[in-house]
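Down below is the structure, laid out as structure tokens.
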Amino acid sequence: MTTKIEIKNRWSGATLFECDVPDDVPSGLAMRHALEKAVAQRPKLNLRGADLSGADLSGADLRDADLSGADLSGADLRDADLSGADLSGAVLRDQKNDFWEILLHAPREIAGLRAALVEGRVDGSTYSGPCACLVGTIAIVRGVGTNDLEGIRPNSGRPAERWFMGISKDDTPETNQISKLTVEWLDEFVGLLAAATAPVPA
20 MTTKIEIKNR WSGATLFECD VPDDVPSGLA MRHALEKAVA QRPKLNLRGA DLSGADLSGA
80 DLRDADLSGA DLSGADLRDA DLSGADLSGA VLRDQKNDFW EILLHAPREI AGLRAALVEG
140 RVDGSTYSGP CACLVGTIAI VRGVGTNDLE GIRPNSGRPA ERWFMGISKD DTPETNQISK
200 LTVEWLDEFV GLLAAATAPV PA
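Quick note, in my numbering, the sequence shown goes up one by one and the last residue is 221.
See below:
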């Protein structure tokens with residue numbers, strides 16, 4: 020027995036792709052199974068504007084997929100292969116907002132976090148070691164343990180930490196879409212913070 024899975028455009032409701040998924044595939048993994056089947060059929064998968072909010076895409080092969088404008092808020096992208104994927108305009112509000120919330124508790128560590136991202140010294144799968152996840156890297160820069168960060172607690176379920184799971188050791192903004200977008204979000208945050216704290220002209 021099979022169940023039909025449809026991936027729809029989040030604006031028009033038009034079906035971008037549909038396929039039958041065996042009933043023995045767990046419901047949480049059905050979307051990932053469908054995407055992998057789509058990629059196998061069409062390597063340059065067009066998911067422009069797709070509604071993938073909340074989907075479990077962990078480990079999915081999304082190489083070269085067009086995800087521009089797709090709603091990926093709440094999606095689990097842990098270990099997903101996004102090399103060559105177009106994420107321009109993708110809706111990642113949960114991940115970005117949560118990342119910024121963490122940065123509000125670590126303004127002095129922003130430069131060190133950015134350097135780690137640019138130099139490929141982030142590994143989203145671990146809290147410790149020379150290459151660590153978001154919270155682990157902030158702890159390294161601050162010189163404390165991950166459980167000693169004021170206002171930040173390790174939580175592998177929160178959107179920002181799940182987002183960082185898509186970054187592995189030696190990934191840089193030039194080689195990893197998630198790393199690239201993260202640096203852009205970080206720079207945007209710094210710009211907004213500078214504007215918010217700038218002296219008011221007399």
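Note that the Cβ used here is the ideal one computed from N, Cα and C, for glycine as well. Please read these numbers as outputs of a predicted model, since none were measured by experiment.
Checklist entry - Per DSSP, C38 is paired with what? => result C38 has I24 as its beta-bridge partners, per DSSP.
Item to check | Cutoff 6 Å; reference H124; Cβ partners in own chain excluding five residues on either side | outcome: Taken in chain order, the residues that qualify are G170 and I171.
Next on the checklist: To the nearest angstrom, how far is the alpha carbon of S102 from that of N65?
Outcome noted: The straight-line gap from Cα to Cα measures roughly 15 Å.
Checklist entry - For N65, which residues does DSSP report across the bridge? => result Note: N65 sits in a beta bridge opposite D85.
Checklist entry - Can you tell which of G32, G164 and A53 has its C-alpha closest to the C-alpha of T21? => result Of the candidates G32, G164 and A53, the residue whose Cα lies closest to the Cα of T21 is A53.
Checklist entry - Thinking C-beta only, is F183 closer than 8 Å to C150? => result Contact: no.
Checklist entry - What do you get for N195, buried or exposed, if any count of 16 or more other CB atoms within 10 angstroms of its CB means buried? => result Buried is the call here.
Checklist entry - Quick one: is G108 buried, meaning 16 or more other Cβ sit within 10 Å of its Cβ, or exposed? => result So G108 ends up on the exposed side.
Item to check | alpha helix (DSSP H) runs wholly inside the region 109-165, at least 4 long, in chain order | outcome: Entirely contained in the region 109-165, the alpha helix (DSSP H) runs reaching 4 residues are, in chain order, 112-123, 129-137 and 153-161.
Checklist entry - Taking the alpha carbon of T191 as the point to measure from, which residue in A215, P220, C38 and A134 has its own alpha carbon closest? => result It is A134 whose Cα lies nearest to the Cα of T191.
Item to check | Beta-carbon gap between G73 and P178 smaller than 8 Å | outcome: Not in contact: G73 and P178 (Cβ atoms no closer than 8 Å).
Item to check | Member of K27, S147, E25 and E180 whose CA lies at the smallest distance from the CA of D98 | outcome: The candidate whose alpha carbon is nearest that of D98 is E180.
Checklist entry - When DSSP labels each residue in this structure, what does D167 get in the three-state scheme? => result Helix, per DSSP.
Next on the checklist: Which same chain residues end up closer than 8 Å to W204 when comparing Cβ atoms and leaving out the 5 residues on each side of it in sequence?
Outcome noted: The answer, listed in chain order, is K115, F118 and W119.
Checklist entry - Which ranges would you report for the alpha helix (DSSP H) in the region 169-212 if only whole runs of at least 4 residues count? => result Counting only runs that start and end inside the region 169-212, the alpha helix (DSSP H) elements of at least 4 residues fall at 178-183.
Next on the checklist: Can you tell me whether E203 sits near the ligand ZN, meaning its C-beta is under 7 Å from at least one heavy atom of the ligand?
Outcome noted: By its list of ligands, the structure shown contains no ligand whatsoever, and the ligand ZN lies outside what it can speak to.
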